[in-house]
Amino acid sequence: MVRLLLASVVISALSLTVALASNRAVANDDIVFPANYSQFVLYATYNEAGNRPELLATGQLRELYASRATLEAAKAGGPLPDGTVLVRVRYDVARDAKGEPIQDAQGQMSKARLLGFGVMEKRARSPNSHPEGEWRYRGFTADRQPNHDGIQPEACFACHLTAKHRDFVFSYERLVSANK
Ligand code: HEC
Numbered sequence: 328m329v330r331l332l333l334a335s336v337v338i339s340a341l342s343l344t345v346a347l348a349s350n351r352a353v354a355n356d357d358i359v360f361p362a363n364y365s366q367f368v369l370y371a372t373y374n375e376a377g378n379r380p381e382l383l384a385t386g387q388l389r390e391l392y393a394s395r396a397t398l399e400a401a402k403a404g405g406p407l408p409d410g411t412v413l414v415r416v417r418y419d420v421a422r423d424a425k426g427e428p429i430q431d432a433q434g435q436m437s438k439a440r441l442l443g444f445g446v447m448e449k450r451a452r453s454p455n456s457h458p459e460g461e462w463r464y465r466g467f468t469a470d471r472q473p474n475h476d477g478i479q480p481e482a483c484f485a486c487h488l489t490a491k492h493r494d495f496v497f498s499y500e501r502l503v504s505a506n507k
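Residues in the sequence shown are numbered from 328 upward in steps of one, following our numbering.
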């Protein structure tokens with residue numbers, strides 16, 4: 328009985344080690360909120376209720392920010408350079424008395440309250456980067472602290488994998504065409 332118990336303790340310790348090891352392979356906990364964020368430039372806004380039913384359904388809009396150097400690099404073409412940081416800002420939208428998102432004549436929603444941030448950072452040479460992509464991901468709360476309860480980095484990566492053909496950046500075209 329004791330032996331059985333011991334064995335199960337050893338097994339759970341082992342699986343914990345494996346879990347920790349595989350987490351470490353894609354660990355994102357050294358991704359910090361960019362210190363130079365105040366110099367970042369707004370390059371895209373996603374607030375069209377009509378074109379993006381998912382935004383209307385969640386009552387959220389999003390703004391995307393990058394540094395000027397990133398916008399220049401995107402304009403020059405090709406994959407974005409190592410060290411690139413992109414920020415997605417999520418807002419709750421203005422709502423009517425019934426709580427429904429308010430749309431203007433163009434079907435656009437307007438921002439009401441900051442919900443949080445998503446940060447992705449390119450670390451081409453990091454052994455901790457995702458094997459299939461060089462970006463690392465982390466969610467931040469409205470007060471710019473790591474968001475431990477929100478979407479986890481693995482889920483960020485899994486979804487951004489669908490934008491693999493454009494360097495995992497959904498808004499790549501918007502980055503290229505941003506006229507700032
Ligand atoms: C279900 C899919 C999905 C998940 C999960 C997801 N994203 Fe994204 N992400 C998008 C889409 C689509 C965009 C394009 C802008 C938009 O629609 O908000 C985007 C845009 C971004 C951008 C701007 C650069 C780009 O790719 O256009 C950043 C930065 C970002 N996401 C970070 C994150 C982080 C960090 C997480 C996890 C905490 C995350 N995302 C989770 C789909 C996703």
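A virtual CB, placed ideally from N, CA and C, is assigned to each residue, including glycine.
Contact test: TYR418 Cβ vs the ligand HEC heavy atom, cutoff 7 Å | Here residue 418 is taken as the residue at index 91 of the sequence shown, counted from 1. TYR418: no, Cβ never under 7 Å from the ligand HEC.
Count the other C-beta atoms from every protein chain shown that fall within 10 angstroms of the C-beta of THR489, then say buried if there are 16 or more, exposed otherwise.
-> Against the sequence shown, residue 489 aligns to sequence position 162. Under the 10 Å beta carbon count, THR489 is surrounded by fewer than 16 other beta carbons and is classified as exposed.
If you follow the alpha helix (DSSP H) that VAL503 is part of, which residue opens it and which one closes it?
-> Here residue 503 corresponds to residue number 176 of the sequence shown, with the count starting at 1. Residues 499–504.
Tell me the DSSP bridge mates of PRO428?
-> Residue numbering aside, residue 428 sits at position 101 when the sequence shown is read from its first letter. In the DSSP secondary-structure assignment, PRO428 is bridged to ARG422.
Is it buried or exposed for LEU459, if we count other Cβ within 10 angstroms and need 16 for buried?
-> Counting from one through the sequence shown, the residue named residue 459 turns up at place 132. First, the amino acid is wrong: residue 459 is Glu here, not Leu. By the Cβ neighbour-count rule, GLU459 is exposed, with fewer than 16 other Cβ atoms within 10 Å of its own.
For the candidate residues LYS425, VAL420 and ASP494, whose alpha-carbon lies nearest to that of PRO408?
-> In the sequence shown, residue 408 corresponds to position 81, counting from 1. Among LYS425, VAL420 and ASP494, the Cα nearest to that of PRO408 belongs to ASP494.
Taking LYS510 as part of the alpha helix (DSSP H), name the residues at either end of that continuous run.
-> Residue 510 cannot be examined here, being either before or after the span of the chain that is shown, 328 to 507.
Could you say if the stretch 356–363 and the stretch 416–431 meet the contact criterion of at least three C-beta pairs nearer than 8 Å?
-> At 8 Å Cβ cutoff, the stretches do not touch.
Do you know offhand how far THR411's Cα is from ALA384's?
-> The residue labelled residue 411 in the question sits at position 84 within the sequence shown. The residue labelled residue 384 in the question sits at position 57 within the sequence shown. About 31 Å.
Would you check if there are 3 or more beta carbon pairs closer than 8 Å linking the stretch 368–387 to the stretch 420–432?
-> Verdict: yes, contact present.
Assuming GLU375 contacts GLY426 under a Cβ cut-off of 8 Å, what Cβ separation, rounded to an integer in Å, is found between them?
-> Along the sequence shown, read from residue 1 onward, the residue named residue 375 stands at position 48. Along the sequence shown, read from residue 1 onward, the residue named residue 426 stands at position 99. Contact flag wrong, Cβ pair sits at about 20 Å.
Can the beta-carbon of LEU502 be found closer than 8 Å to that of ALA393?
-> Position 175 of the sequence shown, counted from the first residue, corresponds to residue 502. Position 66 of the sequence shown, counted from the first residue, corresponds to residue 393. In this structure, ALA393 lies closer than 8 Å to LEU502 by Cβ.
Same chain only: Cβ atoms within 8 Å of VAL368, ignoring 5 sequence neighbours per side | Along the sequence shown, read from residue 1 onward, the residue named residue 368 stands at position 41. So the qualifying residues of the chain are TYR392, ALA393, SER394, ARG395, LEU398, ALA505 and LYS507.
Which word fits LYS449, buried or exposed, when buried means at least 16 other C-beta atoms lie within 10 angstroms of its C-beta?
-> Here residue 449 corresponds to residue number 122 of the sequence shown, with the count starting at 1. Per the 10 Å Cβ criterion, buried.
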